[in-house]
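According to the UniProt record's numbering, the sequence shown holds residues 1 to 368 in order.
Using N, Cα and C, we set each Cβ at its ideal position, and we do this for glycine too.
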Amino acid sequence: MSVSYIEINRSALRHNLRVIRSHLPAHVDCTAVVKADAYGHGASEAMRIALEEGYNSAAVARVEEGVALRKDGFTCPVFTLGLPLPEEAETAVKYDLIVPVDDTVELEPFEEAAEGQGKILEVWLPIDTGMNRIGTHPEDVEGFLEKLKKYPHIHIHGTFTHMAKADIHDKTTARKQLEKFEEALSHMPQRLEKGFIISAANSAGVLDMPESWYNLARPGIILYGPHPSDEMDNMWDLEYPMRLISHITHVQVLRKGEAIGYGGTYVAEEDMRTATIPIGYADGFHRALSNKGSVLVNGKRHRIIGRICMDQMMIAAGDDVQVGDEVVLLGRQGDEVIYPEEIAAIVNTIPHEVMCGLKRVPRIYVDE
Ligand SMILES: *Cc1c(COP(=O)(O)O)cnc(C)c1O
Numbered sequence: 001m002s003v004s005y006i007e008i009n010r011s012a013l014r015h016n017l018r019v020i021r022s023h024l025p026a027h028v029d030c031t032a033v034v035k036a037d038a039y040g041h042g043a044s045e046a047m048r049i050a051l052e053e054g055y056n057s058a059a060v061a062r063v064e065e066g067v068a069l070r071k072d073g074f075t076c077p078v079f080t081l082g083l084p085l086p087e088e089a090e091t092a093v094k095y096d097l098i099v100p101v102d103d104t105v106e107l108e109p110f111e112e113a114a115e116g117q118g119k120i121l122e123v124w125l126p127i128d129t130g131m132n133r134i135g136t137h138p139e140d141v142e143g144f145l146e147k148l149k150k151y152p153h154i155h156i157h158g159t160f161t162h163m164a165k166a167d168i169h170d171k172t173t174a175r176k177q178l179e180k181f182e183e184a185l186s187h188m189p190q191r192l193e194k195g196f197i198i199s200a201a202n203s204a205g206v207l208d209m210p211e212s213w214y215n216l217a218r219p220g221i222i223l224y225g226p227h228p229s230d231e232m233d234n235m236w237d238l239e240y241p242m243r244l245i246s247h248i249t250h251v252q253v254l255r256k257g258e259a260i261g262y263g264g265t266y267v268a269e270e271d272m273r274t275a276t277i278p279i280g281y282a283d284g285f286h287r288a289l290s291n292k293g294s295v296l297v298n299g300k301r302h303r304i305i306g307r308i309c310m311d312q313m314m315i316a317a318g319d320d321v322q323v324g325d326e327v328v329l330l331g332r333q334g335d336e337v338i339y340p341e342e343i344a345a346i347v348n349t350i351p352h353e354v355m356c357g358l359k360r361v362p363r364i365y366v367d368e
């Protein structure tokens, strides 16, 4: 086994999937957002559990992520969330992905790919209601639908919008976005067709805005433990499936007045024991945690001292730390926990980036 690894607790992931599903009524389908390798948890493993827990589809960011799920044997609907490029048309059709197209997408390559492969390409229409990232604006929906009629091998499977500020307490902007979405929907006669997908809820919408659920919810971050922000009205009982684990490879005494690591940014005020851990910023462990973060050894917090290197880092070891001891850099050890939110606060980001940024470290799965 590798000295450093990401451990994913399948039971915790299943728990979250179940809690979320249980809050949504039966007529609201749920897609599991497993983009960025399920925010670092492994898209295929997460999807296997999601399907068992009543999720009906997968949502990924990109065509190649959808292809990876297909190659792993998934036959469920697979949505992509980011616009495809014309170069991806053949692949999107070949792997039966449901891709977003808006009024800026060049449609001919998609029509030709579908016709050439003797298939119908399913698309869903992103509506820009204020995120200003992708999507057709409500006032342009009618014209775009007219244009789509010229492409007989492209079928409109549904529509979605994305909320920019559903994760704050004041839902005024989020509600305005939903109003615009309603306006866009009013221009889509397809909305009345059976099976036509209408989707607006990200995790924040799932938690706090039942009016955003329509018939397909798209939770991402809450599948993996964190709430979208600490301003949510509803906080559900979610678990953190991910732990980042390593082991102590070296222990030594740092003499009073000696510096440790690049730049000598930490100087011992007295003789002290230090320990070295073989994880660094190349593993996605943020260098900004240098001299700020802590890790768990023997169920106790130990400070990171000196600059985090590319592949290694040092901690204040106390008397207890020995070579070979397990180190938890993220997650629980004994009674102590380092949450992704704690790391995110120190490095000035969100837990999403902390989790999906981990790399090079192999992933292992446990069942409790
Ligand atoms: C990432 C994403 C989601 C999931 O967002 P969370 O806030 O993680 O729940 C849903 N929809 C779209 C379009 C996304 O890009």
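Reference Q312; option with closest CA among N298, G318, V327: V327
Beta strand (DSSP E) containing C30: first to last residue? Note, C30: beta strand (DSSP E), 29 to 33.
With respect to 8 angstroms, is the separation between the Cβ of V323 and the closest non-hydrogen atom of ligand 1 below this value? no
Close beta carbons around W124, own chain, < 7 angstroms, minus the five adjacent residues each side: F79, I98, P100, H157, G158, T159, F160, I197
Near W236, what residues of its chain come up, given a Cβ to Cβ distance below 6 angstroms and the 5 sequence neighbours on each side ignored? Within the same chain, W236 has close Cβ partners V19.
Taking the continuous alpha helix (DSSP H) assigned at residue 373, which residues delimit it? Since the first residue of the chain shown is 1 and the last is 368, residue 373 is not available in this structure.
What are the boundary residues of the beta strand (DSSP E) that A200 is part of? 197 to 201
Taking the straight line between their C-alpha atoms, what separation do you get for E45 and Y95? 20 angstroms
Excluding sequence positions up to five away, which residues of its chain have a Cβ less than 6 angstroms from the Cβ of N298? D320
Please return the same chain residues whose Cβ sits closer than 8 angstroms to the Cβ of H302, not counting the five positions on each side in sequence. A275, S294, V295, L296, I315, A316, A317, G318, V321
According to the Cβ coordinates, are E231 and H169 closer than 9 angstroms? yes
Counting only C-beta atoms, is P362 closer than 9 angstroms to chain B at any point? The structure shown contains no chain B; it holds only a single protein chain.
Can you give me the start and stop residues for the beta strand (DSSP E) that S57 sits inside? 57 to 60
Host alpha helix (DSSP H) of L51 (start-end): 43 to 52
S57: buried (16+ other C-beta within 10 angstroms of its C-beta) or exposed? buried
When a residue counts only if its C-beta is closer than 7 angstroms to some heavy atom of ligand 1, which residues count, in chain order? Those satisfying the condition are, in chain order, V33, K35, A59, A61, L81, F160, H162, N202, S203, A204, R218, P219, G220, I221, I222, P228, H352.
Measuring alpha carbon to alpha carbon, tell me which of S290, E342, S212, H286 ends up nearest H227. If we check each option's Cα against that of H227, E342 comes out closest.
How many whole angstroms separate the CB atoms of A32 and Y55, which I take to be in contact at a CB cut-off of 8 angstroms? 5 angstroms
Go through the stretch 190 to 242 residue by residue and report every complete run of the beta strand (DSSP E) that reaches 3 residues or more, in order. 197 to 201
Does the stretch 114 to 130 come close enough to the stretch 171 to 190 to have 3 or more Cβ pairs within less than 8 angstroms? yes
What residues are listed by DSSP as bridge partners for V123? Answer is V99, I156.
Can you tell me where the beta strand (DSSP E) with N9 in it begins and where it stops? 5 to 9
Could you check the C-alpha separation between L329 and S246 for me, to the nearest Å? Roughly 8 angstroms between the two C-alpha positions.
Member of A282, G334, P340, G306 whose CA lies at the smallest distance from the CA of R360: A282
Between the C-alpha atoms of A26 and G334, what's the straight-line distance to the nearest angstrom? 38 angstroms
Span of the beta strand (DSSP E) around M310: M310 -> no beta strand (DSSP E), and no H or E assigned at all.
Going by the CB atoms, is the gap between Y224 and H23 shorter than 9 angstroms? no
When we look at the beta-carbon of M209 and count the other beta-carbons within 10 Å, is it buried (16 or more) or exposed? By the 16-neighbour rule on beta-carbons within 10 angstroms, M209 is buried.
L85 versus V366 - alpha carbon distance: 38 angstroms
Assign E341 to one of three DSSP states: helix, strand, or coil. helix
Close Cβ partners of E142 (< 6 angstroms) along its chain, the five nearest in sequence each way excluded: H187
Kindly indicate which three-state DSSP category Y266 falls into: helix, strand or coil? strand
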